[in-house]
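S.K.: Residue numbers (the numbering used here): 1238 to 1953.
One structure, as structure tokens, below. Some questions next.
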RNA sequence: GCGGACGUGGCGAAACCGGUAGACGCAGCAGACUUAAAAUCUGCUUCUCUUCAUGAGAGUGCGGGUUCAAGUCCCGCCGUCCGCACCA
């Protein structure tokens, strides 16, 4: 309601995927090959009244704000940047030849205006709707445009269609130049002005359209020396070049010409420079029961009225059924019937509920502050926020992470929270993935005969859990039904696809520590991890090895072990750095190295100390084992509360280093030499090497490159 | 179509600023211990060739290039994955 008051909420008609059989709105993901995923019916585009949040008001802020998020992955920032999609161009009017009105278009290529050959408007454009009232042919063309899905595959293969309205407009730069107006299926109503001017020579879609309807194609940008206005072929030229066939623009670069035209349009008053965003307002209406109710009451006389604050929160009814398609709130007998808060006449509750992403847009604020009487306490929330290190999958890059940024800025805008960005640092972890399995079943009618659609049998798929499979002659079948099972792609584990492995049996068999260690071991956390149990045995053995090490602790040991001390301090430094960098797989490798070294070492005070230190090093990754070890060793309190061990930087450097000796870039020998050895000493040692002498085979070295502490390369 | 990432042994992967490719682990092989097995321990384990060693050659998707030196940098391909997608 605060957002509504701040003018950040509105209601408008918008297009949705509509399944005419199940009578429901479908998400894009639920439209498969243009058909409803359940009903198999052709999906239509339908207009529904929906609530929107005005995220576009913050488009520029959200874009600019990305630059402050230096602890976010570049990938996510780039995805958001592309999603917001800022572009600069010209908005201008093409006036009708015989009426005072005109059609507004937006273009990012005003430099190509002299190459215009037609105007195309969206099927939903008001001009098209007007004309259609008296033109049945246009009306059916528009209906045709509404059919056909909105899926990627559909769009890619969709042919361009147009309908010549018979209207003509004047070119703004030459009133005697008239252009035809088409309604075209490839023009979108919700980007720009819903209308374009077509410049076929320099836009692929326009060229496809022009070739199909035999419209003129004029070259106005020359890549090299092409001056002629004719344009051959079916590939538009969209690169840089010099403007030609364009009167006063001739000879300018594309960029110069854009600036020139925008300046002229603004000066003469027929257009202006405009910034356009790809980002659209956030449609939050869902026709579902499970969602936060939208606190609005629709009154026949007063319109959409906010629910009075005293009546908040609006609570969902619990006596609902889900046995038939559609929103249970809509058909509930009483819940939606309430008096209008203003005129008290009978009115109707909003039965749409909010997208769940609305809730996740501010949960972190509530986490930081949970007063009973309001969503959060500003001072308390500000004390904790922003979130220092946020961890989640990339799948939220442009959904949750953009919505939450918007929500935070909206709260700031309304003076509710002094915070521009909710998440300071972001780490996008990989997904745990697994093969998917689908059982195939032919649909049958009431008599048990296969159901046909356009003569083809209708096939039902359902996902099968890996636990519900059995193999027979190299083929997979579903337990219980015996249906054949197809192995599908490896995808992130999800409840909907059932490609989930329950870790509980492994947990029972090997314990929480072994399982945790196993998951940290091999794969870097930002990478997807294909789940496999191969290796858990080895992990479990390693946990036992450490345990035996604690057992072998020798308090009476004497003597020191300088070599082991070095390994230990190197491990302390390395493991700490790896944990800081979230490269746990490398930390695990270093623990292995340390344990290997301790096991091989003879008894000494150093070894005893190393084992005691090991307990603290493994504690973040093997907490139970570490606590047991800590207790066995008589440590005070919990190891989890101990300081991270200090490392001695002096022990990280070696007195002696292994130097690679190359001849012509090929490794011929390695020599262990004092770290302090200077270039001359290294060169001398290298040239003295028997293997080097053999490799040189009498040839005199032309040049010797010495990298102290690393290698010597003899060029012969 | 646009944008991005990635490509290293049988497998998961390491490799800092261009400087010994394959750390560490899984799997595998051989051996010790054992009546036997498990567990444990030891050794081997990128590929090819040979005179079998302190040997030679090849090798990080493919083809070029820069450099004394390239998994790493540059150019061009091929492939895989991710995001967006008729955005004017």
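The beta-carbon is built from N, C-alpha and C at its ideal position, and this holds for glycine as well.
Note that this is a predicted model, so its numbers are computed, not measured.
In angstroms, rounded to a whole number, what distance separates the CA positions of residue 1251 and residue 1562?
M.R.: Computed Cα separation, rounded: 21 angstroms.
S.K.: How long is the line joining the alpha carbons of residue 1659 and residue 1892, rounded to whole angstroms?
M.R.: For residue 1659 and residue 1892, the distance between alpha carbons rounds to 49 angstroms.
S.K.: Could you work out which residue in 1454, 1568, 1629 and 1422 is closest to residue 1554 when comparing CA atoms only?
M.R.: The candidate whose alpha carbon is nearest that of residue 1554 is 1568.
S.K.: Within 10 angstroms of its Cβ, does residue 1848 collect 16 or more other Cβ (buried), or is it exposed?
M.R.: Residue 1848 comes out buried.
S.K.: Which one or two residues does DSSP pair with residue 1522 in a beta bridge?
M.R.: According to DSSP, residue 1522 bridges with 1591.
S.K.: Assign residue 1238 to buried or exposed, taking buried as 16 or more other Cβ atoms, counted over all protein chains shown, within 10 Å of its Cβ.
M.R.: It counts as exposed.
S.K.: For a test of the three-state rule: what should DSSP assign to residue 1336, helix, strand or coil?
M.R.: The answer is coil: DSSP assigns residue 1336 none of H, G, I, E or B.
S.K.: Pick from 1858, 1760, 1943 and 1308: whose alpha carbon is nearest that of residue 1625?
M.R.: Checked all of 1858, 1760, 1943 and 1308; the closest Cα to residue 1625 is 1308.
S.K.: I'd like to know whether the C-beta atoms of residue 1780 and residue 1754 end up nearer to each other than 8 angstroms.
M.R.: In this structure, residue 1754 lies closer than 8 angstroms to residue 1780 by Cβ.
S.K.: For residue 1734, count neighbouring C-beta atoms within 10 Å of its own C-beta (all shown protein chains included) and say buried if the count is 16 or more, exposed if not.
M.R.: With 16 or more Cβ atoms within 10 Å of its Cβ, residue 1734 is classed as buried.
S.K.: Name the two residues that bound the continuous alpha helix (DSSP H) containing residue 1605.
M.R.: Where residue 1605 is concerned, the enclosing alpha helix (DSSP H) stretches over 1600–1605.
S.K.: Report the CB separation of residue 1344 from residue 1434 in whole angstroms; it is logged as a contact under 8 angstroms.
M.R.: About 6 angstroms; that satisfies the 8 angstroms criterion.
S.K.: Please state whether DSSP places residue 1368 in a helix, a strand or coil.
M.R.: In this structure, residue 1368 counts as helix in the three-state DSSP scheme.
S.K.: Since residue 1706 sits in a beta bridge, which residues does DSSP pair it with?
M.R.: Answer is 1715.
S.K.: Since residue 1619 contacts residue 1655 with CB under 8 angstroms, what's their CB separation in whole angstroms?
M.R.: Confirmed, about 6 angstroms.
S.K.: Whether or not the segment 1297–1312 and the segment 1518–1529 are in contact is what I'm after, with contact meaning three or more pairs of Cβ atoms, one per stretch, closer than 8 angstroms; do they touch?
M.R.: As far as the Cβ criterion goes, the segment 1518–1529 does not touch the segment 1297–1312, which means the pair count is below three.
S.K.: I'd like to know whether the C-beta atoms of residue 1488 and residue 1458 end up nearer to each other than 8 angstroms.
M.R.: Not in contact: residue 1488 and residue 1458 (Cβ atoms no closer than 8 angstroms).
S.K.: Between the segment 1359–1374 and the segment 1445–1455, do at least 3 Cβ pairs fall closer than 8 angstroms?
M.R.: No, the segment 1359–1374 is not in contact with the segment 1445–1455.
S.K.: Given a cut-off of 8 angstroms on the beta-carbon distance, is the pair residue 1636 and residue 1321 in contact?
M.R.: Contact: no.
S.K.: So, using beta-carbon positions, are residue 1859 and residue 1831 closer together than 8 angstroms?
M.R.: Not a contact, by the Cβ cut-off of 8 angstroms.
S.K.: Does the Cβ of residue 1744 have 16 or more other Cβ atoms within 10 Å, making it buried, or fewer, making it exposed?
M.R.: Answer is exposed; the Cβ neighbour count stays below 16.
S.K.: I'd like to know whether the C-beta atoms of residue 1431 and residue 1379 end up nearer to each other than 8 angstroms.
M.R.: In this structure, residue 1379 does not lie closer than 8 angstroms to residue 1431 by Cβ.
S.K.: Should residue 1389 be labelled buried (16 or more other beta-carbon atoms within 10 Å of its own) or exposed?
M.R.: Note on residue 1389: pLDDT 41, under 50, position unreliable in the model; no value is reported.
S.K.: Do the segment 1804–1822 and the segment 1877–1884 meet, that is, are 3 or more Cβ pairs less than 8 angstroms apart?
M.R.: Short answer: they touch.
S.K.: May I have the straight-line CA-CA distance separating residue 1352 from residue 1579, to the nearest angstrom?
M.R.: When rounded, the distance between both Cα atoms is 57 angstroms.
S.K.: Start and end of the alpha helix (DSSP H) containing residue 1661?
M.R.: Element bounds for residue 1661: not the alpha helix (DSSP H) but the beta strand (DSSP E), 1660–1666.
S.K.: Would you tell me roughly how many angstroms separate the C-alpha atoms of residue 1571 and residue 1595, rounded to the nearest one?
M.R.: Going from the Cα of residue 1571 to the Cα of residue 1595 covers about 26 angstroms.
S.K.: Can you name the start and end residues of the beta strand (DSSP E) that residue 1355 belongs to?
M.R.: Segment 1355–1358, the beta strand (DSSP E) holding residue 1355.
S.K.: Name the residue from 1931, 1918, 1917 and 1915 whose alpha carbon lies nearest to the alpha carbon of residue 1906.
M.R.: Checking every option, the nearest Cα to that of residue 1906 belongs to 1931.
S.K.: In the DSSP assignment, the beta strand (DSSP E) including residue 1906 goes from what residue to what residue?
M.R.: Segment 1903–1911, the beta strand (DSSP E) holding residue 1906.
S.K.: If I follow the unbroken beta strand (DSSP E) through residue 1290, where does it start and stop?
M.R.: From DSSP, the beta strand (DSSP E) with residue 1290 extends over 1281–1290.
S.K.: Kindly indicate which residue of 1530, 1603, 1756 and 1533 has the alpha-carbon position closest to the one of residue 1774.
M.R.: The shortest C-alpha separation from residue 1774 is found at 1756.
S.K.: Between the Cα of residue 1484 and those of 1726, 1643, 1768 and 1464, spot the shortest distance and give me the residue it belongs to.
M.R.: It is 1464.
S.K.: Please classify residue 1736 as buried or exposed, where buried requires at least 16 neighbouring CB atoms within 10 angstroms.
M.R.: Buried: at least 16 other Cβ atoms inside 10 Å.
S.K.: Does the beta-carbon distance from residue 1584 to residue 1533 come in below 8 angstroms?
M.R.: No.
S.K.: For the beta strand (DSSP E) that contains residue 1415, what are its first and last residues?
M.R.: Residues 1411–1421.
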